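In mature numbering (1 follows the signal peptide of the UniProt record, and there is no 0), the protein residues as written are -20 to -1, 1 to 129. Just so you know, even glycine gets a beta-carbon here, dropped at the ideal spot from N, CA and C. Since we're looking at a predicted model, the values are computed, not measured. For reference, the structure is listed below as structure tokens.
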Amino acid sequence: MRAMLISLALLLTACSPAESSTENTNVDLAFLLNNQRLVATTPKEIVPPLAVKVYSLTENGECDNGKCPQTQLYIAVSQYGEIPQQTYYVTEKQPNLTFEHWDWMKTAKYSEKRPSVSFVVSYSENGKKVFKTITVDMNDIHYATEEKK
């Protein structure tokens, strides 16, 4: 009987109501977490100098009178290792900002000085498609406009 009472007491205390969590009021963070889209990750099979993930975040809305919702990229950069240094960058908002491809030639060129990864993006500007190379390392982000079509 005593064992049954102890078991019952333990069962009742184990089923006590959980603490309620506080309401999060950071609207920007909520929008980011709910609407970001992973658009690129450095491939593991070629072992780039840094691990990079590119996320896209587009404002809500639709195109109206030639004006479309803006997009910006969130770029997460990490070293490899047990306790890697990590950072992130956020690009300026652009219409139709799109990840195009990794630029391994520029990655090799810049990585001679310090580990970095390059990739190409495109966006619309005055009815033309603009291509830009973005190079990231652990300390900085560099932009180079390639061409307008």
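Query	Result
What residue ranges within the region 74 to 98 form continuous beta strand (DSSP E) runs of no fewer than 3 residues, ordered along the chain?	78 to 82
Where DSSP assigns a beta bridge to Thr38, which residues make up the other side?	Thr51
Pull up the CB-CB distance for Thr67 and Pro49, whole angstroms please, since I reckon it's below 8 Å.	The pair is not a contact, with the Cβ atoms about 27 Å apart (cut-off 8 Å).
For the alpha helix (DSSP H) holding Leu13, just list the boundary residues, first then last.	7 to 15
Would you give the residue range spanned by the beta strand (DSSP E) that Gln65 belongs to?	First-last for Gln65: undefined, no H or E at that position.
Applying the criterion that 16 or more other CB atoms from any shown protein chain within 10 Å of the CB defines a buried residue, is Val27 buried or exposed?	exposed
With three or more C-beta pairs closer than 8 Å as the rule, is the region 86 to 100 touching the region 111 to 126?	yes
DSSP state of Glu126, grouped into three classes?	strand
Answer yes or no: do Met118 and Val32 have a C-beta to C-beta separation smaller than 8 Å?	no
Given this structure, state the Cα-to-Cα distance separating Lys73 from Gln52, to the nearest angstrom.	5 Å
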